[in-house]
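Data first, discussion second: the structure below is written as structure tokens.
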Amino acid sequence: MKMKNVLVAGGGTLGSQIAYQSAYFGKQVTVYDVSDAAITAAEKKIDGWAASYRTDMHATDDQINAAHANLTFSTDLAEAVNGKDIVIEAVPENLDIKKSFYKELSAVAAPETIFASNSSTMTTSELNGFTDRPDKFLNLHFANQIWVQNTAEIMVSDKTDPDVEKAVVAFAREIGMVPIVMQKEQHGYVLNALLGPFTNAALAL
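For the sequence shown, the residue numbers in the numbering used here are 13 to 217.
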């Protein structure tokens with residue numbers, strides 16, 4: 013279950029980072045968003061990430077040019093998802109927006125396409141019922157500045173196919189991430205769940 017063709021839905025801060033990281037590591041990536049203005053904003057963000065890769069990753073001109081060549085952009089979801097192995101959803105953190113998006117996506121995606129949510133607050137079981145494929149659905153959560161904070165937290169439900177989980181773990185490694193596989197569904201995953209107690213302890217000192 014090799015994943016070469018990627019759709020990132022939502023070109024905001026994290027969506028654009030996920031797209032660029034994937035393209036930088038050789039994936040063919042389409043960024044989908046709802047308007048031309050949103051696409052223009054995503055392209056501008058990606059230009060900024062390219063500059064960061066030059067500084068932080070010592071990326072060469074050839075690497076930057078290759079990453080940009082691996083990126084396309086679309087406001088047509090049916091066109092954008094055509095031929096994709098995985099969709100990484102990074103739409104706004106609003107339940108109604110996600111529900112509407114997954115309903116539309118389920119209607120146009122091929123049956124074999126895997127859905128992964130970058131949601132920072134919603135668990136897999138809270139989202140997979142909005143899709144037509146709970147067995148091919150999981151959470152794949154990235155931290156901001158993913159080229160240096162390169163963890164990928166992976167959360168599944170009891171309905172997720174184990175082969176899908178394995179494929180997404182492999183995909184995360186292929187794009188330069190360190191996968192952290194959750195053993196249960198947990199709001200906040202690992203890092204955010206630990207951050208709160210650490211912050212509270214720091215404030216109490």
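We put the beta carbon where it would ideally sit given N, CA and C, even for glycine.
Taking the CB atoms as reference points, tell me whether residue i and residue j lie closer together than 8 Å.
| i | j | result |
| --- | --- | --- |
| Leu117 | Leu89 | yes |
| Val99 | Thr136 | no |
| Thr42 | Ala92 | yes |
| Val193 | Asp147 | no |
Taking the alpha helix (DSSP H) that residue i belongs to, which residues open and close that run?
| i | result |
| --- | --- |
| Asn156 | Asn156 -> no alpha helix (DSSP H), and no H or E assigned at all. |
| Phe183 | 174-186 |
| Ala90 | 89-93 |
| Phe113 | 107-120 |
Would you tell me roughly how many angstroms separate the C-alpha atoms of residue i and residue j, rounded to the nearest one?
| i | j | result |
| --- | --- | --- |
| Tyr95 | Arg66 | The residue asked about is misnamed: residue 95 is Gly in this sequence, not Tyr. Cα to Cα, the separation comes out at about 31 Å. |
| Ile51 | Thr84 | 10 Å |
| Ser64 | Trp159 | 9 Å |
| Val71 | Ala79 | Correcting the residue type first, residue 71 is Ala in the shown sequence and not Val. For Ala71 and Ala79, the distance between alpha carbons rounds to 10 Å. |
| Ala49 | Gly24 | 12 Å |
| Lys16 | Met69 | 22 Å |
| Ser129 | Asn151 | 5 Å |
| Ser86 | Lys56 | 15 Å |
| Glu105 | Ser131 | 7 Å |
Apply the 10 Å Cβ neighbour rule to residue i and answer buried if 16 or more other Cβ atoms are within range, or exposed otherwise.
| i | result |
| --- | --- |
| Ser28 | buried |
| Lys178 | exposed |
| Arg185 | exposed |
| Val190 | exposed |
Could you pull the start and end residues of the beta strand (DSSP E) that residue i belongs to?
| i | result |
| --- | --- |
| Tyr44 | 40-44 |
| Glu101 | 98-101 |
| Thr163 | 163-167 |
| Thr133 | First-last for Thr133: undefined, no H or E at that position. |
Residue i bridges to which residues according to DSSP?
| i | result |
| --- | --- |
| Met69 | DSSP, once it has assigned bridges, lists no residue as partnering Met69. |
| Leu26 | Paired residues: none, contrary to the question. |
| Pro191 | Ala164 |
| Val20 | Val43, Ile100 |
Does the Cβ of residue i lie closer than 7 Å to at least one heavy atom of the ligand FAD?
| i | result |
| --- | --- |
| Pro123 | Among the components modelled here there is no ligand, and therefore nothing to report on the ligand FAD. |
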